[in-house]
DNA sequence: GATATTTTTGAGCGATCGCTCAAAAAAAGG
DNA sequence: CCTTTTTTTGAGCGATCGCTCAAAAATATC
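Chains as they are written, first to last, in my numbering: chain Y, 1 to 223; chain U, 1001 to 1223.
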């Protein structure tokens, strides 16, 4: 067996090949989805590498080759979660001509949380915000940033409503957006409690009506 | 083990020498307070026995002799937390003749959360509700029960407001109480975010005004 | 002081934690 | 087929987890 001590040719990189993903046993997106489900359900600390190995059907080496570390995998899951949540929010908002109607519809839909089969009724971003400490500062800040993105969407919708005359000019979209964000956080945390489905629906309905009551010329009030 | 059946606080008078606790190096109440601070700050899973040993300045054996297990200690801390939170709530409510004013004052005071030095701005009961899983079901249910106690206080206040004519007869105290509970949960979770103190004050003010707007004859609306 | 009882200590248990890396297996190129 | 390169495996690392218990120290009773 002959071996060359030196490379016979200097190979310039082949960018096209390097961009072509070789077929792997595990689909990265599918693995990330499974990890997301697990992290959303159990939280960061209560999810062990053993749990991930079982759920992803991957051995530790493969997980680390694909995602780097438990912390990095968690952060990717957070981003994926926020991306889907934002898409869902947009889907509902776009289905309504009125910005206020869209926001109210989003709240009402949250009233059905107890019927849906989800890893958790609470928001994964809020769970992370409350669970993570200084040792996971990067992930916590990421959750905060992603929440900011959702709040920005609320603010944009209130601003649009005001521009269209739906909302009185003296209403502050930033303030309303923050309030709505806090209400959604509260509603979804409340949904995590051991309550009747009807109670959650009533709560969501009340919050939705509060948003609708902002409409100019409305009689207002928290009916 | 017998000692756990004995009262941990001295009762005035000394009628029963056999029930008099012997002087111990560690005060149980003080230890519990320290544990509460740690659990509130870091959560259940992120708080290790090593952390508790350091903070309480107790060796594992002493901790287990005094509190049974990490889980039991956590549950005692939860109860202590709720007891103090409820006392604080009552203190504010009692300072106002009007039930609605009392509730509004409670909300406004939460707007100052970022100035206060606390283990966490978020509610420990909510943190626990979102963090704990089936393996800590007992503690999670305890958190849920304690939250129910706070909500009952809100409902009672709204009922009192209605009885006094502050609130319109068609308003449902149960529904209003649930809504207020969700708003407080949301406000305090929002306070955990990386926001300006003024933004939190504005949010609390808006929520307080919503409660005040419930007053009969008020023009209502989410100003 | 002597004895009985309670409290505290701290070494260390078995289990699990997140993670590494040399070797094996699989896929791509010739 | 053989060679090269990438992916996957899985035993096992050092650290830490919650926790136990015999011994030591401290306190109460006589």
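We put the CB at the ideal spot given by N, CA and C, even for glycine.
Under the three-state DSSP convention, the category residue i falls into
i	result
residue 1132 (chain U)	coil
residue 1214 (chain U)	coil
residue 1032 (chain U)	helix
residue 167 (chain Y)	strand
residue 1195 (chain U)	coil
residue 239 (chain Y)	Absent from the structure is residue 239 (chain Y), since the part of chain Y shown begins at 1 and ends at 223.
residue 1045 (chain U)	helix
residue 1206 (chain U)	helix
residue 58 (chain Y)	coil
residue 23 (chain Y)	coil
residue 1112 (chain U)	coil
residue 119 (chain Y)	coil
residue 79 (chain Y)	helix
residue 1085 (chain U)	helix
residue 148 (chain Y)	helix
residue 189 (chain Y)	helix
residue 1095 (chain U)	coil
residue 172 (chain Y)	coil
residue 68 (chain Y)	coil
Between the CA atoms of residue j and residue i - distance to the nearest angstrom
i	j	result
residue 135 (chain Y)	residue 46 (chain Y)	15 Å
residue 1122 (chain U)	residue 1096 (chain U)	25 Å
residue 73 (chain Y)	residue 150 (chain Y)	22 Å
residue 88 (chain Y)	residue 94 (chain Y)	10 Å
residue 172 (chain Y)	residue 23 (chain Y)	52 Å
residue 1157 (chain U)	residue 1128 (chain U)	26 Å
residue 53 (chain Y)	residue 119 (chain Y)	18 Å
residue 1194 (chain U)	residue 143 (chain Y)	11 Å
residue 1099 (chain U)	residue 1216 (chain U)	13 Å
residue 206 (chain Y)	residue 133 (chain Y)	34 Å
residue 202 (chain Y)	residue 1063 (chain U)	45 Å
residue 1208 (chain U)	residue 124 (chain Y)	28 Å
residue 79 (chain Y)	residue 1025 (chain U)	50 Å
residue 1105 (chain U)	residue 1130 (chain U)	27 Å
residue 1212 (chain U)	residue 1101 (chain U)	7 Å
residue 1081 (chain U)	residue 107 (chain Y)	31 Å
residue 113 (chain Y)	residue 192 (chain Y)	9 Å
residue 1137 (chain U)	residue 1161 (chain U)	36 Å
residue 204 (chain Y)	residue 1184 (chain U)	15 Å
residue 103 (chain Y)	residue 1109 (chain U)	28 Å
residue 1058 (chain U)	residue 34 (chain Y)	41 Å
residue 1040 (chain U)	residue 60 (chain Y)	33 Å
residue 92 (chain Y)	residue 148 (chain Y)	19 Å
residue 190 (chain Y)	residue 1174 (chain U)	14 Å
residue 218 (chain Y)	residue 1155 (chain U)	28 Å
With 16 other Cβ atoms within 10 Å as the buried cut-off, status of residue i
i	result
residue 1069 (chain U)	exposed
residue 29 (chain Y)	exposed
residue 210 (chain Y)	buried
residue 42 (chain Y)	buried
residue 197 (chain Y)	exposed
residue 11 (chain Y)	Residue confidence is low: residue 11 (chain Y) scores 35 on pLDDT, short of 50, so the model does not pin down where it sits. Its coordinate-derived value is still stated next. Exposed, by the Cβ-count rule.
residue 1179 (chain U)	buried
residue 1049 (chain U)	exposed
residue 1115 (chain U)	exposed
residue 163 (chain Y)	exposed
residue 1140 (chain U)	buried
residue 1083 (chain U)	exposed
residue 1166 (chain U)	buried
residue 1066 (chain U)	buried
Supposed close pair residue i, residue j - CB separation, criterion 8 Å
i	j	result
residue 1153 (chain U)	residue 1086 (chain U)	7 Å
residue 1214 (chain U)	residue 1111 (chain U)	Their Cβ separation, rounded to whole angstroms, is 19 Å, which puts residue 1214 (chain U) and residue 1111 (chain U) out of contact at 8 Å.
residue 186 (chain Y)	residue 1182 (chain U)	4 Å
residue 1077 (chain U)	residue 1146 (chain U)	Actually they do not touch by this definition, with Cβ atoms about 11 Å apart.
residue 1036 (chain U)	residue 1055 (chain U)	The Cβ separation is near 10 Å, so there is no contact.
Distance cut-off 7 Å: residue i Cβ against heavy atoms of the ligand NAD
i	result
residue 1104 (chain U)	As for the ligand NAD, it is missing from this structure, which has no ligand bound.
For this session: Anything in the segment 1189 to 1215 of chain U with a Cβ closer than 7 Å to a Cβ of chain Y? List those residues in chain order, please.
Result: 1189, 1190, 1192, 1193, 1194, 1199, 1202, 1203, 1206, 1210, 1213 and 1214
Exercise. In chain order, what residues of the segment 1112 to 1144 of chain U put their CB closer than 7 Å to some CB of chain Y?
Worked result: 1122, 1126, 1127, 1129, 1130, 1131, 1133 and 1144
Problem set entry | Residues of the segment 1156 to 1177 of chain U whose Cβ lies closer than 7 Å to any Cβ of chain Y, in chain order | 1175
For this session: Check distances from the C-beta atoms of the segment 94 to 114 of chain Y to those of chain U and list, in chain order, the residues that come in under 8 Å.
Result: none
Problem set entry | Where the segment 56 to 68 of chain Y meets chain U: residues whose CB sits under 9 Å from a CB there | When CB distances to chain U are screened at a threshold of 9 Å, not a single residue of the segment 56 to 68 of chain Y falls below it.
Exercise. When you check each C-beta in the segment 33 to 49 of chain Y against every C-beta of chain U, which residues fall closer than 8 Å?
Worked result: 41, 42, 43, 45 and 46
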